[in-house]
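Read through the structure below, which is laid out as structure tokens, and then see the notes.
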Amino acid sequence: MTNYAGRLRLGVNIDHVATVRNARGGAYPDPIRAAKLAEEAGADGITAHLREDRRHITDPDIDGLMEALSVPLNFEMAATDEMQAIALRHKPHAVCIVPEKREERTTEGGLEVAREENKLAHFIAPLRDVGCRVSIFIAADQKQIDAANRIGAQVIELHTGAYCDFHAEGKFDERDEELARLRDMCAYAHTLGLEVHAGHGLTYDTVKPIAAFPEVMELNIGHFLIGESIFRGLQPAIAEMRRLMDEART
Ligand code: PXP
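Under our numbering, the letters of the sequence shown match residues 23 to 272, in that order.
Spelled out as structure tokens, the structure:
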């Protein structure tokens, strides 16, 4: 059974440092440097999503992160043979399987585990065999949680994007309904023995209610932190997120 002990971990997603770099096609800003600074600022892990179209993180970035990091790398990837081969070569601490559509701007929804149970069970088995902690990114939906559990995932990451969008649009009733769903599904997943993570779209305004759920062990946060670092610097931006998470937890 997952244990509740230990502080809530913060995984800093550095994809959008690479987005800015790639806008000009040069070498800066360097996502590896950002990852090292994030580590110093108290990130418990670094998350990077190698997308099929390499729109932000690239293969050499993953090589560099594997070499440079002292904290665990959470390697986000689609369930494709190409990504599986890359993960098996690097054996990162964790892999998070996410849905990916070429035309989307970001990871729009959770993975449809229930529809592809057999395929995903076969897909994650070799990753588990080499020691990667396998996480599945899903909506707060009991059917998806049950399926993630059946295929042998150790972790689920619940998609907080809808909750954050409702907040940003001022749709507070819908936001609160989604928050209640997230709370219930965190508790449910925990009863199955799954480790529960959450992320997507989180900001200073939305992080605390999610951080307050006792079953949540890790939050993965990127876009907002990289944007905020323009104004206050990466390390102060991370430190403030850390402070809010700790405050929510006490
Ligand atoms: N968790 C997962 C599984 C993601 O795909 C992403 C986005 O790459 C995040 C967390 C972080 O989302 P954001 O960049 O909106 O904070």
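Each residue gets a CB set at the ideal place from its N, CA and C atoms; glycine is no exception.
### Task
Measure the alpha-carbon distance for E262 versus V39 and round it to whole angstroms.
Indexing the sequence shown from 1 puts residue 262 at position 240. Indexing the sequence shown from 1 puts residue 39 at position 17. Using only the alpha carbons, I get a separation of about 19 angstroms.
#### Entry: Alpha-carbon spacing of E98 relative to L149, whole angstroms
Taking the first residue of the sequence shown as 1, we reach residue 98 at position 76. Taking the first residue of the sequence shown as 1, we reach residue 149 at position 127. Going by the C-alpha atoms only, they are around 13 angstroms apart.
### Task
May I ask which residues mark the beginning and end of the beta strand (DSSP E) holding R77?
Indexing the sequence shown from 1 puts residue 77 at position 55. Taken as a continuous stretch (DSSP letters only), R77 belongs to no beta strand (DSSP E), as it is neither H nor E.
### Message
Am I right that P121 and L133 are in contact with their C-beta atoms under 8 angstroms? What's the rounded C-beta distance?
### Response
Here the question's residue 121 lines up with position 99 in the sequence shown. Here the question's residue 133 lines up with position 111 in the sequence shown. With a Cβ gap of about 5 angstroms, P121 and L133 count as contacting.
### Query
Would T69 be called buried (16 or more neighbouring beta carbons within 10 Å of its own) or exposed?
Position 47 of the sequence shown, counted from the first residue, corresponds to residue 69. It counts as buried.
### Task
Specify, as a first and last residue, the run of the beta strand (DSSP E) that R155 falls within.
Counting from one through the sequence shown, the residue named residue 155 turns up at place 133. Per DSSP, R155 belongs to the beta strand (DSSP E) from 155 to 160.
### Query
Nearest-angstrom Cα distance between I146 and Q166?
As a position in the sequence shown, residue 146 is number 124, starting the count at 1. As a position in the sequence shown, residue 166 is number 144, starting the count at 1. Each residue's alpha carbon lies about 16 angstroms from the other.
### Q164 versus C186: straight-line alpha-carbon distance, rounded
Position 142 of the sequence shown, counted from the start, is the residue given in the question as residue 164. Position 164 of the sequence shown, counted from the start, is the residue given in the question as residue 186. Looking at the two C-alpha atoms, the distance is approximately 20 angstroms.
### Query
Cα-Cα, which of R205, A190, L204 is closest to Y226?
Position 204 of the sequence shown, counted from the first residue, corresponds to residue 226. Minimum Cα distance to Y226 is reached at A190.
### Query
Near E200, which residues of its chain fall below 7 angstroms by C-beta distance, leaving aside the five closest residues on each side in sequence?
Looking up residue 200 in the sequence shown gives position 178. Counting only Cβ-Cβ distances below 7 angstroms, and skipping sequence neighbours, we find A184, Y185, F188.
#### Entry: Cutoff 8 angstroms: G174 Cβ touching any chain C Cβ
Given the protein chain composition of this structure (a single chain), no chain C is represented.
### Message
Given this structure, state the Cα-to-Cα distance separating A316 from D195, to the nearest angstrom.
### Response
Because the chain spans 23 through 272 in this model, residue 316 falls outside it and cannot be assessed.
### Query
Thinking just about the alpha-carbon of each residue, which of E74, A220, Q257 is nearest to the one in A101?
The residue labelled residue 101 in the question sits at position 79 within the sequence shown. Residue E74 is the option with its Cα nearest to A101.
### Query
Name the DSSP beta bridge partners of N96, please?
Here the question's residue 96 lines up with position 74 in the sequence shown. The partner list for N96 (beta bridge, DSSP) reads T69, A116.
### Query
What whole-angstrom Cβ distance do H112 and M88 have, given they're in contact under 8 angstroms?
Here residue 112 refers to the residue found at position 90 when the sequence shown is read from its first residue. Here residue 88 refers to the residue found at position 66 when the sequence shown is read from its first residue. Between H112 and M88, the beta carbon gap of about 5 angstroms places them in contact (Cβ cut-off 8 angstroms).
### Query
Around the Cβ of S92, are there at least 16 other Cβ atoms within 10 angstroms (buried) or fewer (exposed)?
Locating residue 92 in the sequence shown gives position 70, counting from the first residue. Answer is exposed; the Cβ neighbour count stays below 16.
### Query
According to DSSP, is V34 helix, strand or coil?
As a working note, residue 34 is residue 12 in the sequence shown. If DSSP states are grouped into helix, strand and coil, V34 belongs with the strands.
### Query
Does DSSP put H291 in a helix, in a strand, or in coil?
Since the displayed the chain opens at 23 and closes at 272, residue 291 lies outside it and no answer follows.
### Query
With 16 other CB atoms within 10 Å as the buried threshold, where does I252 fall?
Reading the sequence shown from its first residue, position 230 is the one you call residue 252. Exposed, since its Cβ has fewer than 16 Cβ neighbours within 10 Å.
### Task
May I ask you to check if the CB of D37 is nearer than 7 angstroms to at least one heavy atom of the ligand PXP?
Taking the sequence shown and counting its residues from 1, the one referred to as residue 37 is at position 15. Yes; taking the cut-off as 7 angstroms, the Cβ of D37 has a heavy atom of the ligand PXP nearer than that.
#### Entry: Rounded C-alpha distance that separates I84 from E269
Here residue 84 is taken as the residue at index 62 of the sequence shown, counted from 1. Here residue 269 is taken as the residue at index 247 of the sequence shown, counted from 1. Rounded to the nearest whole angstrom, the C-alpha separation of I84 and E269 is 33 angstroms.
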